[in-house]
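All the letters of the sequence shown, read from the start, carry residue numbers 158 to 384 under my numbering.
Even glycine gets a Cβ: it sits at the ideal position worked out from N, Cα and C.
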Amino acid sequence: MRILVVEDEPDLADAVASGLRREGYAVDVADDGAAAYSRLGVHEYDLVCLDLGLPDVDGMSLCRDLAEGAVGDPATRVLVLTARGSLDDRVAGLDAGADDYLVKPFALGELSARVRALLRRDAGRAGAVLVVGPLELNAARHEARYGGGTIPLTAKEFALLRYFMMHTGEVLTAERLLEHVWDEQADPFTNTVRVTISNLRRKLSECGDAVFVETVIGRGYRLRAAA
């Protein structure tokens with residue numbers, strides 16, 4: 158899943174981005190509104206962590222533009238991270254289109270939990286664990302298990318498997334996977350998606366044949382459970 162952190166305080170932006178990357182998310186950072194608008198015009202994001210006190214624009218305006226589809230994808234979730242903590246401020250933020258509102262200072266553990274909750278909504282999942290046949294993925298523990306045994310995955314393989322499991326049965330193009338699982342530092346002209354899928358497919362096959370990544374020729378890839 159790909160996240161844009163919009164925050165003008167460098168230390169906080171680095172801390173948030175580092176914490177989310179440790180959980181396997183692809184994270185880009187914008188330090189002002191102009192940079193945020195630029196990235197949202199180019200990349201697809203699953204979630205935006207948005208500071209309201211930006212140096213060049215009011216974050217509330219950016220929040221409204223996201224909700225109304227004036228920039229980016231209106232389906233993108235917005236988690237406001239701000240020092241504006243009054244009741245009126247929280248109400249205004251939610252009315253502007255924010256999906257959640259977290260007041261500074263906050264613990265990174267709570268931020269991570271709120272991010273997981275927001276991203277689960279798009280998958281139609283109520284719980285913290287994704288399940289496909291004997292395959293289970295626990296985002297909070299950053300753990301994947303197959304039939305009771307742990308699967309040793311790299312951070313990127315874990316992120317890729319999570320995205321597949323949130324879209325089980327869907328055909329996902331390499332371009333879509335690159336857009337949502339990798340950040341803007343990824344080179345779109347490399348075979349990074351194919352190589353990572355190959356490694357993930359091998360590790361799943363070593364566990365069994367009940368769940369597998371299928372290649373749909375000319376279209377992309379699909380996670381399936383054996384009939």
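Identity of the residue in G306, G229, A382 and A187 nearest L197 by Cα: Residue mapping note: residue 197 aligns to position 40 of the sequence shown, counting from 1. Selected option, being the one with the closest Cα: G229.
N- and C-terminal bounds of the alpha helix (DSSP H) containing F369: Counting from one through the sequence shown, the residue named residue 369 turns up at place 212. Note, F369: premise wrong, no alpha helix (DSSP H); beta strand (DSSP E) at V368 to V373.
Local conformation of D165 per DSSP, three classes: As a working mapping, residue 165 is identified with position 8 in the sequence shown. In this structure, D165 counts as coil in the three-state DSSP scheme.
DSSP bridge partner residues for Y258 (one or two, in chain order): In the sequence shown, residue 258 corresponds to position 101, counting from 1. Looking at the DSSP assignment, Y258 forms a beta bridge with V237.
Rounded C-alpha distance that separates V338 from E363: By one-based count along the sequence shown, residue 338 stands at place 181. By one-based count along the sequence shown, residue 363 stands at place 206. V338 and E363: Cα-Cα distance of roughly 23 Å.
Residue range of the unbroken alpha helix (DSSP H) whose run includes N295: Numbered from its first residue, the sequence shown carries residue 295 at position 138. No alpha helix (DSSP H) holds N295; the beta strand (DSSP E) holding it covers L292 to N295.
Uninterrupted alpha helix (DSSP H) stretches inside the region 314 to 367 (no shorter than 4 residues): 331 to 338 and 349 to 364
Beta-carbon separation (whole angstroms), L211 vs G190, contact threshold 8 Å: By one-based count along the sequence shown, residue 211 stands at place 54. By one-based count along the sequence shown, residue 190 stands at place 33. Confirmed, Cβ separation roughly 5 Å.
Separation of L287 from V186, as counted between CA atoms: Working through the sequence shown from its first residue, we reach residue 186 at position 29. Working through the sequence shown from its first residue, we reach residue 287 at position 130. Roughly 28 Å separates the two Cα atoms.
CA nearest to the CA of V368, picked from L244, P291, L268 and M217: On the sequence shown, position 211 is the one that residue 368 refers to. The option with the nearest alpha carbon to V368 is P291.
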